[in-house]
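Novice: Be aware that the sequence shown starts at 36, since it is given in this note's numbering, and climbs by one per residue.
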Amino acid sequence: MATFEQRKIRDGNFLYTKNQLNPPPYKERVIIIGKRMKKLVFHFVGLVCLLSLVSCRHSTTNPRESSETSEISFEVNPAHLRPQFRGKVFCNNVKYGPKNGCIINLVVEGKVKSRCGHPGAISEITWQFIAHRDGKDIYLFQRRFPVDSENPQTQSKQVAFAGESIVVFQDEVQKISVIPESSEEYTGVHSGESEAVEKR
36 MATFEQRKIR DGNFLYTKNQ LNPPPYKERV IIIGKRMKKL VFHFVGLVCL LSLVSCRHST
96 TNPRESSETS EISFEVNPAH LRPQFRGKVF CNNVKYGPKN GCIINLVVEG KVKSRCGHPG
156 AISEITWQFI AHRDGKDIYL FQRRFPVDSE NPQTQSKQVA FAGESIVVFQ DEVQKISVIP
216 ESSEEYTGVH SGESEAVEKR
């Protein structure tokens, strides 16, 4: 006579003993498993959506914060809007000696134009302060030479001045430099004239 086994077997949501002759039908077990899979998929999709929302919120917040920071630093440190070094522009007519030429103040408001040289070899020099960057004053220079001829050549150059002498343009006729304001080696050099082409 067969004994009744107390050990029970779990199948889906059904619990039955081993000696039962009619376990849950196969079709019902498939339905139960399908329902469980639906629940798992639903929870997974919900988790993905939640992570996407958090990521979007994070990405839209950062650019606004960085923009606000740059605006604050712009207002607190407006030093880049004005020159930090005082200097002079020296146009040297090299054929006539190291002190032959014109000296003009570098720091002038707006765009400045000046002429210097001997007949047939006169330069028209234009310059303008752009910004103070990386500890230096940035200027844009332009030279037309010889301006008293029919076809003068134009040169442009951006220079960074930090209080030390720097050559802007140079050829066999002239050397145009930016020099410190306190430089004594150019004492006695003729003071040139300049005109404001465009004020800020």
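Ideal placement from N, C-alpha and C gives every residue a C-beta, glycine not left out.
This one's a predicted model, so the numbers in the text were calculated from it and none came from an experiment.
Look at the alpha carbon of Trp162 and the alpha carbon of Gln188, and state the distance between them as a whole number of angstroms.
Specialist: Distance between the alpha carbons of Trp162 and Gln188 is about 16 Å.
Novice: If I measure Cβ to Cβ from Leu86 and keep anything under 6 Å in the same chain, skipping five residues before and after, which residues do I get?
Specialist: So the list is empty, once near-sequence residues are dropped.
Novice: Work out the CA separation of Phe204 and Ile211 for me, nearest whole Å.
Specialist: Ile211 and Phe204: Cα-Cα distance of roughly 5 Å.
Novice: Can you tell me whether Gln209 is buried or exposed, with buried defined as 16 or more other CB within 10 angstroms of its CB?
Specialist: Gln209 should be labelled buried.
Novice: So, at 6 Å on beta carbons, what are the nonlocal neighbours of Gly198 in its own chain, with the 5 sequence-adjacent residues on each side left out?
Specialist: Here the set comprises Phe120 and Pro215.
Novice: Which residues in the same chain as Gly155 place their Cβ atom closer than 8 Å to its Cβ, once the five residues preceding and following it in sequence are excluded?
Specialist: The residues are Pro181, Asp183 and Ser184.
Novice: Between Val213 and Val124, which are expected to be in contact by the criterion C-beta below 8 Å, what is the C-beta distance as a whole number of angstroms?
Specialist: Val213 to Val124, Cβ: 6 Å. Contact.
Novice: Please specify which runs of the beta strand (DSSP E), each continuous and at least 3 residues long, are wholly inside the region 113–187, giving them in chain order.
Specialist: Those beta strand (DSSP E) runs which fall completely within the region 113–187 and span 3+ residues are 122–128, 136–140, 146–153, 156–168 and 171–180.
Novice: Do you know whose CA, among Tyr174, Gln190, Gly227 and Ser191, lies nearest Arg275's CA?
Specialist: In this structure the chain extends from 36 to 235, so residue 275 is not present and cannot be described.
Novice: Candidates Cys137, Glu144, Lys134 and Gly170: which alpha carbon is nearest Phe164's?
Specialist: The shortest Cα separation from Phe164 among Cys137, Glu144, Lys134 and Gly170 belongs to Glu144.
Novice: Are Phe176 and Ser191 close, meaning C-beta to C-beta below 8 Å?
Specialist: Yes.
Novice: Between Ile160 and Ser149, is the Cβ-Cβ spacing less than 8 Å?
Specialist: Yes. Within cutoff.
Novice: How many angstroms separate the CA atom of Tyr131 from the CA atom of Glu207?
Specialist: C-alpha separation (whole angstroms): 11 Å.
Novice: Among all the DSSP beta bridges, which residues are the ones paired with Phe204?
Specialist: Bridge partners of Phe204: Ile211.
Novice: Going straight from the alpha carbon of Pro133 to that of Arg178, what length do you get?
Specialist: Going from the Cα of Pro133 to the Cα of Arg178 covers about 20 Å.
Novice: Could you pull out every residue in the same chain whose Cβ sits closer than 6 Å to the Cβ of Ser102, ignoring the five residues on either side in sequence?
Specialist: Any reading at Ser102 must be qualified, since the residue scores a pLDDT of 36, below 50, and its modelled position is unreliable; no value is offered.
Novice: By alpha-carbon positions, which one of Asn186, His153, Ile138 and Gly122 ends up nearest to Phe196?
Specialist: Here the closest residue by C-alpha is Gly122.
Novice: With a CB to CB cut of under 6 Å and the five nearest residues on each side skipped, what residues in its chain are close to Val224?
Specialist: Only Lys134 and Ile138 meet the Cβ criterion.
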